[in-house]
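So the protein lines, in turn, are chains B and H. Counting from 1196, one number per residue, gives the positions in the first sequence under the working numbering. Counting from 1196, one number per residue, gives the positions in the second sequence under the working numbering. Report on the following structure.
Number of protein chains: 2
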Amino acid sequence: MRDLSRASGISLAGLYYYFDSKERMLFLIQKHTFTTIVQRLNARLLGVSDPEQQVRIFILNHLEYFLANQAAMKVLSHEAEALNNGFASDLAAIKREYYRTCVGLLDELKRDRGLQFSTRIAVLSLFGMMNWIYTWHNPRIDADAKQLASEMSDIFLRGVMTGGKVRR
Amino acid sequence: MRDLSRASGISLAGLYYYFDSKERMLFLIQKHTFTTIVQRLNARLLGVSDPEQQVRIFILNHLEYFLANQAAMKVLSHEAEALNNGFASDLAAIKREYYRTCVGLLDELKRDRGLQFSTRIAVLSLFGMMNWIYTWHNPRIDADAKQLASEMSDIFLRGVMTGGKVRR
DNA sequence: GCGATAATCGAACGTTCGTTCGAACATAAG
DNA sequence: CTTATGTTCGAACGAACGTTCGATTATCGC
Chain B
1196 MRDLSRASGI SLAGLYYYFD SKERMLFLIQ KHTFTTIVQR LNARLLGVSD PEQQVRIFIL
1256 NHLEYFLANQ AAMKVLSHEA EALNNGFASD LAAIKREYYR TCVGLLDELK RDRGLQFSTR
1316 IAVLSLFGMM NWIYTWHNPR IDADAKQLAS EMSDIFLRGV MTGGKVRR
Chain H
1196 MRDLSRASGI SLAGLYYYFD SKERMLFLIQ KHTFTTIVQR LNARLLGVSD PEQQVRIFIL
1256 NHLEYFLANQ AAMKVLSHEA EALNNGFASD LAAIKREYYR TCVGLLDELK RDRGLQFSTR
1316 IAVLSLFGMM NWIYTWHNPR IDADAKQLAS EMSDIFLRGV MTGGKVRR
C-alpha cells in the first residue's frame, strides 16, 4: 500500500478513502483484468466458426493481454490465492467461465475433427504454456505476442490434432 | 520462520542456531531440490539414446518430482526471485544447467528427425506445461505422474514433431 | 564430578505492514 | 459568510516478521 501511495501520489490514508482494504483493491484489479480478457475474447470470437481458428484466437487474445500487462499479470499469478473466501469465490466464478470457454472450444475441435484426448489435461497444459510466459519473456529477445501465439498454437494444435483420431 | 518453528518443534531461536537466515535456508532448499532433480534425470538418461525417449524421460522425471513435492514446489515457484543477488546467481547456474539439458535434448531431437522449430519457445512452453501443474493438480481427480507425463509428452512431442520437417 | 562446548529456548528488538483516527483543507449550497 | 459535505493527509496503532541476546540445559572428554 505504501508503494501504491508513492506511485500514485496519493497519501497512504488517502488510498483508504477510496478503497476499503488492500484485499478488496486486489480483488477489483483481478476482476477487472479477467472481465476485460473475457470481453475481448468474446468480441474476437464473433463470426469465427472454424474450431481451430477459434483456439488460435483464444491463445492470441490471452498472450496479447499477458504481454501488454506483464507486470500486472505477474502479480495476479502470484496473488491468485491471496484472497479471503468471500472475494475468492466471486473471482473463481469469472475464472471458471474463462476456463469453461476454453474447454468448450477444445471439445468442439474434438467433435469437429473426431479427435481423442483428455480435454482437462489439454486445457491446463495450454494455460501452463501461456501463463508461464511472465517468468521468461524478454521484449529485447523474444518475438511479439502475435508471433509467439502463432508458435504456441502450432505446438499445441499439432499436439492435440495429430495421431488421436477416434474410430468411427 | 514461526511456521517452520511450530512445524518442526524447534524453537524460533533454535532455527537460527542451524541456519544463518531465512534467505539462506530458502537457498539451501532450492539448491537441494534442483540438484536432486538433475541427478535423478542424469541417472535415468544413462543408456537411453533415442531422442524422443529422452524427452519423455525428462518430462516424467520433472513431473514425478513436482507431484511428489507439490507443496515445496509451490513455494519454490513463488519465491523464485526472492533471493538476494549472492544466492540468486549460485542458483541460477544450476537452473541454467537444467534448462540447457532440456535444450540439448530438443536440439538432438530436431537434428535426428530433421525438424524445424524454435527450441527456446518449445523448451519454455514445455516448462510452462509442467510447472503450472502445481496450480491445478488434484490427487483425488487427476491421474498419477506417469500417466500425466505420458499425456503431456504426447501433446508436446506431436506438437514439435509434426509438420515442421526441414528441406534436405 | 568437572569444565568446556554444543544445543535449546523465552523474551525481546527493530522494522514493515495494513489500517485507522482526527485534524486540516476544499467545495458548494443557502 | 456560514454551514454541511467531500477530500486529503500526517501520525499513529497493533500485529506480524526476521533476527538477536542472554540465560539455561544437555552432552561428553577427562
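C-beta: ideal position from N, C-alpha, C; glycine also. The structure presented is a predicted model; accordingly, all values stated were derived computationally and were not measured.
Query	Result
From the DSSP output, in three-state form, read off residue 1241 (chain B) for me.	coil
Within its chain, find whatever has a CB closer than 8 Å to the CB of residue 1267 (chain B); leave out the 5 residues flanking it on each side and keep chain order.	1224 and 1228
Taking one C-beta from the segment 1322-1341 of chain B and one from the segment 1249-1267 of chain B each time, how about it: are there three or more such pairs within less than 8 Å?	yes
Take every Cβ of the segment 1286-1293 of chain H, pair it with every Cβ of the segment 1232-1241 of chain H, and state whether three or more of those distances are shorter than 8 Å.	yes
Can you give me the C-alpha to C-alpha distance between residue 1216 (chain B) and residue 1213 (chain H), rounded to a whole angstrom?	39 Å
Just to confirm my understanding: we take residue 1201 (chain H), look at its own chain, exclude 5 residues before and 5 after, and list those with CB closer than 6 Å. What are they?	none
How long is the line joining the alpha carbons of residue 1278 (chain H) and residue 1314 (chain B), rounded to whole angstroms?	37 Å
Using a Cβ-Cβ cutoff of 9 Å, what residues of the segment 1300-1325 of chain B are near chain H? List them in chain order.	1312, 1313, 1315, 1316, 1317, 1319, 1320, 1321, 1322, 1323, 1324 and 1325
What in chain B is Cβ-close to residue 1273 (chain H), meaning under 8 Å?	1273
Is it true that the CB of residue 1259 (chain B) sits closer than 8 Å to the CB of residue 1352 (chain B)?	no
What does a CB cutoff of less than 7 Å around residue 1265 (chain B) pick up in its chain, not counting 5 residues either side in sequence?	1329 and 1332
Go to residue 1272 (chain H), then tell me how far its alpha helix (DSSP H) extends in each direction, as first and last residue.	1265-1273
Whole-angstrom Cβ separation of residue 1355 (chain H) and residue 1312 (chain H), contact assumed at under 8 Å?	5 Å
Taking any Cβ of chain B, which residues in the segment 1340-1351 of chain H have a Cβ under 8 Å from it, in chain order?	1343, 1346, 1347, 1349, 1350 and 1351
With DSSP as the reference, label residue 1335 (chain H) as helix, strand or coil.	coil
Report all residues from its chain with a CB closer than 6 Å to the CB of residue 1236 (chain H); omit the five preceding and five following residues, and keep chain order.	1256
Secondary structure at residue 1214 (chain H), three-state DSSP: helix, strand or coil?	coil
At the level of alpha carbons, what is the spacing between residue 1222 (chain H) and residue 1245 (chain B)?	49 Å
Going by the beta-carbon positions, is the gap between residue 1226 (chain B) and residue 1286 (chain B) smaller than 8 Å?	yes
Tell me the rounded alpha-carbon separation between residue 1308 (chain B) and residue 1297 (chain B).	17 Å
Taking only beta-carbon positions, decide if residue 1353 (chain H) is within less than 8 Å of chain B.	yes
Nearest-angstrom Cα distance between residue 1210 (chain B) and residue 1270 (chain B)?	19 Å
Could you spell out where the alpha helix (DSSP H) holding residue 1206 (chain B) opens and where it closes?	Premise fails: residue 1206 (chain B) is in no alpha helix (DSSP H) and is neither H nor E.
For residue 1320 (chain B), count the other beta carbons within 10 Å of its own beta carbon; 16 or more makes it buried, fewer makes it exposed. Which is it?	buried
I think residue 1316 (chain H) touches residue 1346 (chain B), with their Cβ atoms under 8 Å apart; what is that distance to the nearest whole Å?	5 Å
Whole angstroms are fine: how far does the CA of residue 1239 (chain H) sit from the CA of residue 1318 (chain H)?	19 Å
With burial defined as no fewer than 16 other Cβ atoms inside 10 Å of the residue's Cβ, what is the status of residue 1206 (chain H): buried or exposed?	exposed
If residue 1326 (chain B) sits next to residue 1323 (chain H), beta carbons under 8 Å apart, how far is it from one beta carbon to the other, in whole angstroms?	7 Å
Looking at the structure shown, is residue 1324 (chain B) part of a helix, part of a strand, or coil, going by DSSP?	helix
Quick check on residue 1284 (chain B): buried or exposed, where buried means 16 or more other Cβ atoms within 10 Å of its Cβ?	exposed
Along chain H, in chain order, which residues have C-beta atoms closer than 7 Å to that of residue 1357 (chain B)?	1353 and 1357
Nearest-angstrom Cα distance between residue 1263 (chain H) and residue 1272 (chain B)?	22 Å
Measuring only the C-alpha atoms, how far is residue 1204 (chain B) from residue 1310 (chain B)?	55 Å
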